[in-house]
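Protein chains in written order, with my numbering: chain R, 1 to 92; chain C, 1 to 97; chain Y, 1 to 315.
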Amino acid sequence: MHEFLIGAASVVMAIVALGLLRVLRGPGDADRMMAAQLLGSGGIAALLLVAAGTDRPAVTDVALVLALLAAFASAAFVRHAPGPRPEDIKNT
Amino acid sequence: MTFGRDILTILAVTAGVFFFFAGTVGLLRFPDPLCRLHALTKADNLGLGLIVLGLLPWADGVWGGVKLVGIWLLAQLSGAIVTQMIARAVRHGGEAP
Amino acid sequence: MSAGWVLNSVLAVLVLGVAGAIIAVRTLFAAVVGFVVLGLLLAIVWVRLAAVDVALTEAAIGSGVTGAVLIAAASRLRATEKVSVAEQPGPALRVGAGILSALVAAGLAALVVFAADPAPSLAPAAVAHLVELGVGNPVTAVLLAYRGIDTLLEKMVLLLALLGVWSLAPDMVWGGAPEVSAGAVDGGALALLGRVLPPVGIVVGVYVLWVGATDPGGAFQGGAVIASMWILALMAGLLPAPAIRARWVRRALVAGPAVFLAVGMAGFAWPGGFLSYPAGYAKPLIVAIEAALTFSVVIVLGLLAAGPPHHGPGR
Chain R
1 MHEFLIGAAS VVMAIVALGL LRVLRGPGDA DRMMAAQLLG SGGIAALLLV AAGTDRPAVT
61 DVALVLALLA AFASAAFVRH APGPRPEDIK NT
Chain C
1 MTFGRDILTI LAVTAGVFFF FAGTVGLLRF PDPLCRLHAL TKADNLGLGL IVLGLLPWAD
61 GVWGGVKLVG IWLLAQLSGA IVTQMIARAV RHGGEAP
Chain Y
1 MSAGWVLNSV LAVLVLGVAG AIIAVRTLFA AVVGFVVLGL LLAIVWVRLA AVDVALTEAA
61 IGSGVTGAVL IAAASRLRAT EKVSVAEQPG PALRVGAGIL SALVAAGLAA LVVFAADPAP
121 SLAPAAVAHL VELGVGNPVT AVLLAYRGID TLLEKMVLLL ALLGVWSLAP DMVWGGAPEV
181 SAGAVDGGAL ALLGRVLPPV GIVVGVYVLW VGATDPGGAF QGGAVIASMW ILALMAGLLP
241 APAIRARWVR RALVAGPAVF LAVGMAGFAW PGGFLSYPAG YAKPLIVAIE AALTFSVVIV
301 LGLLAAGPPH HGPGR
């Protein structure tokens, strides 16, 4: 079972790698803003699987912190992205 | 009993990984940033939920299980808000798809 | 070929790929996004290397405070970006840099691969004395007991870094407040995130601080998480950026190192000298120091990310 969980974690990270290929390549910053979201959910899944697969409950704390900080990083990306600020445009 | 638990874990985790895969296929293939964002958020969060479900039997006591579900709820909530933010930025930024 | 080996290989390839992507992209924004992604990936790598405390720090700092600082800097540099991108280094310089980097990487790899087996380590000695301290986490013991002087000096270095950032302000706005929330609109999605996330983040940060005594965690990680929540509230315009000459700011910054220093000076009263803890009182003293340090770390990291003052104190 532990081998299965670690194997699932490696499959999840490989899938994240595929997604990152698309996201970091662009073109356009809209895709890049999604990078933190992608790695956030994928990374949390992989960490939770590793925590169960290696019998280390402390790793779920890393997943918890990752959940918070990935959302924060996405907010920072959107806030400072190139292009007109969405808030500058009236009549949204 | 343990056999049933193992089956549940294997099924749920496999389904969760499958949804991650489906979401990433959408991310790679959809033509529009907003479609890609949709695929990314919905499918990945559903995949995460299934994986959390599959890992609940292995959690570290009741509080461990609560922590797992809490992480999933946090990812759901923050994902929903962040997706709105990114979608607005995409819409107003005039980005080429 | 076990599953663990496969996971480690996937992570290694991913880290190398993202590092290559950071160098290859054309815009600063893309490079900073790649850097934050690299930080999050490295957190997972640290977990695989059985260094969970470092993983917590990497996740909290790399995508939190450092990410905020870098992305704000990238947006400030956007006006001159085209000019600086046009000044690309020539091929000879690139080849030279590539060869040097490869040599350094090969040297480090040789150190790791051909190390003595078992590698020399102080870990058994560190773990052996945990019982006397009453602390369960050897990393916390190293940070606050065995090498407390290093942690104290690191906190002072953070203050010096903050002074460096403040010194970038022009004379006439010295003492004023940084500009963090330009154009933020109340009622938007960012404001919602700024209201929803910080309460959760504060609870998680205090939890990480508290659990650091027995499990991976600690003052710096918990403080970095709470600092990121404060930066989020500042970005969303929900809290005003504090003027840097405000008394509470100055006192909060100094509180952590001051408590640490006071406990250290009190150590002269007992055998062992500076920063020694009396037998039986080690754990409460460590907890007190960590609490004060967390508070100061939050203020320091938040102000570091907020940047130099932008408008004068009168406003």
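No residue lacks a Cβ here, since even glycine has one placed at the ideal position from N, Cα and C. Bear in mind the structure is a predicted one, so any value in this text is a computation, not a measurement.
- Per the coordinates, the alpha-carbon of Val300 (chain Y) lies some 12 Å from the alpha-carbon of Pro242 (chain Y).
- Rounded to whole angstroms, the gap between the alpha carbons of Ala219 (chain Y) and Ile286 (chain Y) is 10 Å.
- Neighbours of Ile81 (chain C) across chain Y, judged by C-beta separation under 9 Å: Ala189, Leu190, Leu192, Leu193, Val196, Leu197.
- The alpha-carbon separation between Leu74 (chain C) and Ala45 (chain R) amounts to approximately 13 Å.
- A Cβ-Cβ distance of about 26 Å is found for the pair Gly194 (chain Y) and Ala255 (chain Y), leaving them out of contact under the 8 Å criterion.
- A check of alpha carbon separations from Ala191 (chain Y) across C:Ser78, C:Ile7, C:Gly64 identifies C:Ser78 as the nearest.
- Nothing from the stretch 202 to 229 of chain Y brings a Cβ to less than 8 Å from some Cβ of chain C.
- Taking C-beta atoms as the reference points, Ala306 (chain Y) and Leu234 (chain Y) count as a pair closer than 8 Å.
- Interface flag for Leu77 (chain C) against chain Y is set, since a Cβ pair is found closer than 8 Å.
- Contact between the stretch 167 to 181 of chain Y and the stretch 40 to 57 of chain R is absent: fewer than 3 CB-CB pairs across the two stretches fall below 8 Å.
- Annotation for Ala31 (chain Y): Ile22, Val25 place their beta carbon closer than 6 Å to its own, counting only its chain and skipping 5 residues before and after.
- Pairing Ile15 (chain R) with Thr24 (chain C) gives a Cβ-Cβ distance under 8 Å.
- Residue environment: Trp248 (chain Y) is assigned as exposed (fewer than 16 neighbouring CB atoms within 10 Å of its CB, all protein chains considered).
- Between Gly19 (chain R) and chain Y, the shortest Cβ-Cβ separation is not below 8 Å.
- When the five nearest sequence neighbours on each side are left out, the beta carbons in the same chain lying within less than 6 Å of the beta carbon of Leu158 (chain Y) are those of Val300, in order along the chain.
- Within the DSSP bridge table, the entry for Pro309 (chain Y) names Y:Pro178 as partners.
- Taking a contact as a CB-CB distance under 8 Å, the pair Val45 (chain Y) and Val15 (chain Y) counts as one, their CB atoms being some 6 Å apart.
- Interface criterion not met: the Cβ of Leu77 (chain Y) is under 8 Å from no Cβ in chain R.
- As the crow flies, the alpha-carbon of Met85 (chain C) is around 27 Å from that of Lys67 (chain C).
- Glu154 (chain Y) sits in a helix when the DSSP states are folded into three classes.
- By the Cβ neighbour-count rule, Leu20 (chain R) is buried, with 16 or more other Cβ atoms within 10 Å of its own.
- Counting along the chain, His2 (chain R) sits inside the alpha helix (DSSP H) bounded by residues 2 to 25.
- From the beta-carbon of Arg32 (chain R), the residues of chain Y found nearer than 8 Å are Phe29, Ala30, Val33.
- Of all residues in the stretch 48 to 75 of chain C, only Leu74 come within less than 7 Å of chain Y when Cβ atoms are compared, listed by chain position.
- Here Ser228 (chain Y) is near Gly64 (chain Y), since their CB atoms are less than 8 Å apart.
- Residue environment: Phe268 (chain Y) is assigned as exposed (fewer than 16 neighbouring CB atoms within 10 Å of its CB, all protein chains considered).
- Proximity of Arg22 (chain R) to chain Y, defined by a Cβ-Cβ separation below 8 Å, is not satisfied.
- For Tyr146 (chain Y) and Thr41 (chain C), the gap between their C-alpha atoms comes out near 45 Å.
- Under the Cβ criterion (8 Å, minimum of three pairs), the stretch 97 to 104 of chain Y does not count as touching the stretch 78 to 88 of chain Y.
- The beta carbon of Gly223 (chain Y) lies closer than 6 Å to those of Thr294, Val297, Val298 in the same chain, with the five residues before and after it left out.
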